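Asker: Pasting a structure here, questions to come.
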Amino acid sequence: MSEAEFSPLGKAVSYKTEYDPTLLFPIPRQGKRDEIGVGASLPFMGMDIWNAYELSWLNSRGKPEVAIATFLIPAESPNIVESKSFKLYLNSFNQTRLAGFDALQSLLQADLSAATGAPVIVQLFEPTAFAAQKMGDLKGYCIDNLDLEIDQYEPTPGLLKCDESESPVDETLTSNLLKSNCLVTGQPDWASVQIQYVGPPINRESLLRYLVSFRNHNEFHEQCVERIFVDIMRECKPMKLAVYARYTRRGGLDINPYRCNFSGPQPTNIRTARQ
Numbered sequence: 001m002s003e004a005e006f007s008p009l010g011k012a013v014s015y016k017t018e019y020d021p022t023l024l025f026p027i028p029r030q031g032k033r034d035e036i037g038v039g040a041s042l043p044f045m046g047m048d049i050w051n052a053y054e055l056s057w058l059n060s061r062g063k064p065e066v067a068i069a070t071f072l073i074p075a076e077s078p079n080i081v082e083s084k085s086f087k088l089y090l091n092s093f094n095q096t097r098l099a100g101f102d103a104l105q106s107l108l109q110a111d112l113s114a115a116t117g118a119p120v121i122v123q124l125f126e127p128t129a130f131a132a133q134k135m136g137d138l139k140g141y142c143i144d145n146l147d148l149e150i151d152q153y154e155p156t157p158g159l160l161k162c163d164e165s166e167s168p169v170d171e172t173l174t175s176n177l178l179k180s181n182c183l184v185t186g187q188p189d190w191a192s193v194q195i196q197y198v199g200p201p202i203n204r205e206s207l208l209r210y211l212v213s214f215r216n217h218n219e220f221h222e223q224c225v226e227r228i229f230v231d232i233m234r235e236c237k238p239m240k241l242a243v244y245a246r247y248t249r250r251g252g253l254d255i256n257p258y259r260c261n262f263s264g265p266q267p268t269n270i271r272t273a274r275q
C-alpha cells in the first residue's frame, strides 16, 4: 500500500515516542512522472533537500539532545517519503536512547535509504552550529513586480512563451508567488522558485502567469517541480535548465526540490525568510 491515500496524511494518528522505522511511508515517483511523460530515463538529475528542525532523542544517560538535520534524497530514487510519515518517524526518536550523534546519523541514513530506494545523505548540526545557519534570498531577478491580469489557476503549460528568433540568453529568474496544495489534504503549500536557464529568452510575463497557474493544483512538492521543469523544456526548449523551489516549513520540515539537466554546483541550502 504505497499510494498517498493510504498514508497517515490527513488522518488521526497516535504519536510513537520510541524508535520505529516502519512509520516511514514511501510513495513511488513513477506514477506522477507518467502523467508528465517522464519514463525510466530521466530528463533531469537533482535532489530533494529536506531540513528537519524538530529532532530530539535521549543520550545514554537519558538526557535529551537536539539537532537540526538535512537529508539529501537523490531525484533518481524510486520513492519519495510522505512528509507526515517522515515527521512521525523523527518523533519516534523522542524517548529513544542513543550512544551519540554518529549512532543517530547511521540509523537515519539506513532507514531513509531503504525507504527511498537510493543512498540518502544525512547531515546533523549540533546546537553549537545553530548560530552559523544562514538565511537569504534565491539569487536571480524577481519577476513578481510585473503588473499582470491573471485568471488561470490550474497548471497551463500553453501560457509559457519564448522568442526563438532571439539569441540565447543565460539568466536566472525567481518568484515568491508559487503556491500549490497538498495532494491528499488540499492544504496550501507555499514556495519561492528559481528558474535558471540558457536558451531562447522566456517571456517573463508568461512565466509568472504559468507559475501562478499552480495556485489551485494538488500535488506534492517534488511533483510540482518536475512538472515545471518538463513544461518549460517542452514549451521553451532551453539548452540548459534548472528549477529549484524552497517550500515553507510544515511540521518542523521544509522540502526543497532541485531538478536540472546539466552538471554544475549543487544548490545552496540557504533558508529563505519565509522558511
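Positions 1 to 275 (UniProt numbering) are the ones given, in order, by the sequence shown.
Positions of the beta carbon are idealized from the N, C-alpha and C atoms, including for glycine.
Here the structure is a predicted model, which means the values were calculated and not measured.
#1: Taking only runs of the alpha helix (DSSP H) that begin and end inside the segment 68-141, which ones reach a length of at least 4 residues, in chain order?
#2: Using a Cβ-Cβ cutoff of less than 6 Å, which residues in the same chain neighbour residue 115 once the five nearest sequence positions on both sides are dropped?
#3: With 16 other CB atoms within 10 Å as the buried threshold, where does residue 234 fall?
#4: Straight-line CA distance for residue 39 to residue 60?
#5: Can you tell me the Cα-Cα spacing of residue 256 and residue 263, whole angstroms?
#6: Quick check on residue 210: does DSSP put it in helix, strand or coil?
#7: CA-CA distance, residue 15 and residue 136?
#8: My output table needs one value for residue 249: the three-state DSSP class, helix, strand or coil.
#9: Skipping 5 residues on each side, what residues in its chain have a beta carbon closer than 7 Å to that of residue 229?
#10: Near residue 101, which residues of its chain fall below 6 Å by C-beta distance, leaving aside the five closest residues on each side in sequence?
#11: Who are the Cβ neighbours of residue 275 in its own chain at under 7 Å, not counting the five residues just before and after it?
#12: If you draw a straight line from the alpha carbon of residue 1 to that of residue 34, how long is it in whole angstroms?
#13: What's the C-alpha gap between residue 74 and residue 110?
#14: Whose C-beta lies closer than 6 Å to the C-beta of residue 65 among residues of the same chain, with five residues either side of it excluded?
#15: Are three or more beta carbon pairs between the segment 148-163 and the segment 181-192 nearer than 8 Å?
#16: Pick out whichever of 142, 94, 55, 83 has its Cα sitting closest to the Cα of residue 177.
#17: Output needed for residue 51: all residues of its chain with C-beta closer than 6 Å, excluding positions within five of it in sequence on either side, in chain order.
#18: Using three-state DSSP, classify residue 166 as helix, strand or coil.
#19: Return helix, strand or coil for residue 7, following the three-state DSSP convention.
#20: Could you pull out every residue in the same chain whose Cβ sits closer than 6 Å to the Cβ of residue 271, ignoring the five residues on either side in sequence?
#21: Where does residue 1 fall in DSSP's three states?
#22: My output table needs one value for residue 194: the three-state DSSP class, helix, strand or coil.
#23: Put residue 260 into one of helix, strand or coil per three-state DSSP.
#24: Is residue 79 buried or exposed, if buried means 16 or more other CB atoms sit within 10 Å of its CB?
#25: Report buried or exposed for residue 145, applying the criterion of at least 16 other Cβ atoms within 10 angstroms of its Cβ.
Answerer: Checking against the coordinates, here is how it stands:
#1: 83-91, 101-116, all fully within the segment 68-141.
#2: Mapped onto the sequence shown, residue 115 falls at position 115. Annotation for residue 115: 24, 26, 81 place their beta carbon closer than 6 Å to its own, counting only its chain and skipping 5 residues before and after.
#3: Here residue 234 refers to the residue found at position 234 when the sequence shown is read from its first residue. Its Cβ having fewer than 16 others within 10 Å, residue 234 is exposed.
#4: Along the sequence shown, one-based indexing puts residue 39 at 39. Along the sequence shown, one-based indexing puts residue 60 at 60. Taking C-alpha positions only, residue 39 is separated from residue 60 by approximately 47 Å.
#5: To locate residue 256, count along the sequence shown from 1; it is residue 256. To locate residue 263, count along the sequence shown from 1; it is residue 263. A direct Cα-Cα distance of roughly 19 Å separates residue 256 from residue 263.
#6: Walking along the sequence shown from the start, residue 210 turns up at place 210. In this structure, residue 210 counts as helix in the three-state DSSP scheme.
#7: Counting from one through the sequence shown, the residue named residue 15 turns up at place 15. Counting from one through the sequence shown, the residue named residue 136 turns up at place 136. Between residue 15 and residue 136, the C-alpha separation is close to 34 Å.
#8: In the sequence shown, the residue the question calls residue 249 occupies position 249. Here residue 249 sits in coil by DSSP.
#9: Within the sequence shown, numbered from 1, the residue matching residue 229 stands at position 229. Sequence-distant Cβ neighbours of residue 229 in its own chain, meaning closer than 7 Å and more than five residues away, are 44, 241, 243, 259.
#10: Against the sequence shown, residue 101 aligns to sequence position 101. For residue 101, the CB contacts under 6 Å within the same chain, skipping 5 residues up- and downstream, are 124 in chain order.
#11: Residue mapping note: residue 275 aligns to position 275 of the sequence shown, counting from 1. Only 246, 248, 249, 254 meet the Cβ criterion.
#12: The sequence position of residue 1 within the sequence shown is 1, counting from 1. The sequence position of residue 34 within the sequence shown is 34, counting from 1. With a pLDDT of 47 at residue 1, under the threshold of 50, the modelled position of that residue is not reliable, and the figure given next carries that caveat. One C-alpha to the other measures close to 19 Å.
#13: The residue labelled residue 74 in the question sits at position 74 within the sequence shown. The residue labelled residue 110 in the question sits at position 110 within the sequence shown. Residue 74 and residue 110 have their C-alpha atoms some 14 Å from each other.
#14: For the purposes of this step, residue 65 is taken as the residue at position 65 of the sequence shown. If we look at residue 65 and ignore the five residues flanking it on each side, its Cβ neighbours are 57, 59.
#15: Not touching, per the Cβ criterion.
#16: To locate residue 177, count along the sequence shown from 1; it is residue 177. When only C-alpha atoms are compared, the closest one is 142.
#17: Here residue 51 refers to the residue found at position 51 when the sequence shown is read from its first residue. Closer than 6 Å at Cβ, skipping near neighbours: 70, 254.
#18: The sequence position of residue 166 within the sequence shown is 166, counting from 1. Residue 166 carries a coil assignment under DSSP once its states are collapsed to helix, strand and coil.
#19: Residue 7 sits at position 7 when you count from the first residue of the sequence shown. With a pLDDT of 48 at residue 7, under the threshold of 50, the modelled position of that residue is not reliable, and no figure is offered here.
#20: Along the sequence shown, one-based indexing puts residue 271 at 271. Contacts found: 135.
#21: As a working mapping, residue 1 is identified with position 1 in the sequence shown. Unreliable placement is indicated for residue 1, whose pLDDT of 47 sits below 50; the coordinate value is still reported in the next sentence. Here DSSP, grouped into helix, strand and coil, assigns residue 1 to coil.
#22: Translated into the one-based positions of the sequence shown, residue 194 becomes position 194. Residue 194: strand per DSSP, three-state reduction.
#23: Residue mapping note: residue 260 aligns to position 260 of the sequence shown, counting from 1. Taken through DSSP and simplified to helix, strand or coil, residue 260 comes out as strand.
#24: Along the sequence shown, one-based indexing puts residue 79 at 79. Classification for residue 79: buried.
#25: One-based indexing of the sequence shown puts residue 145 at position 145. Residue 145 should be labelled exposed.
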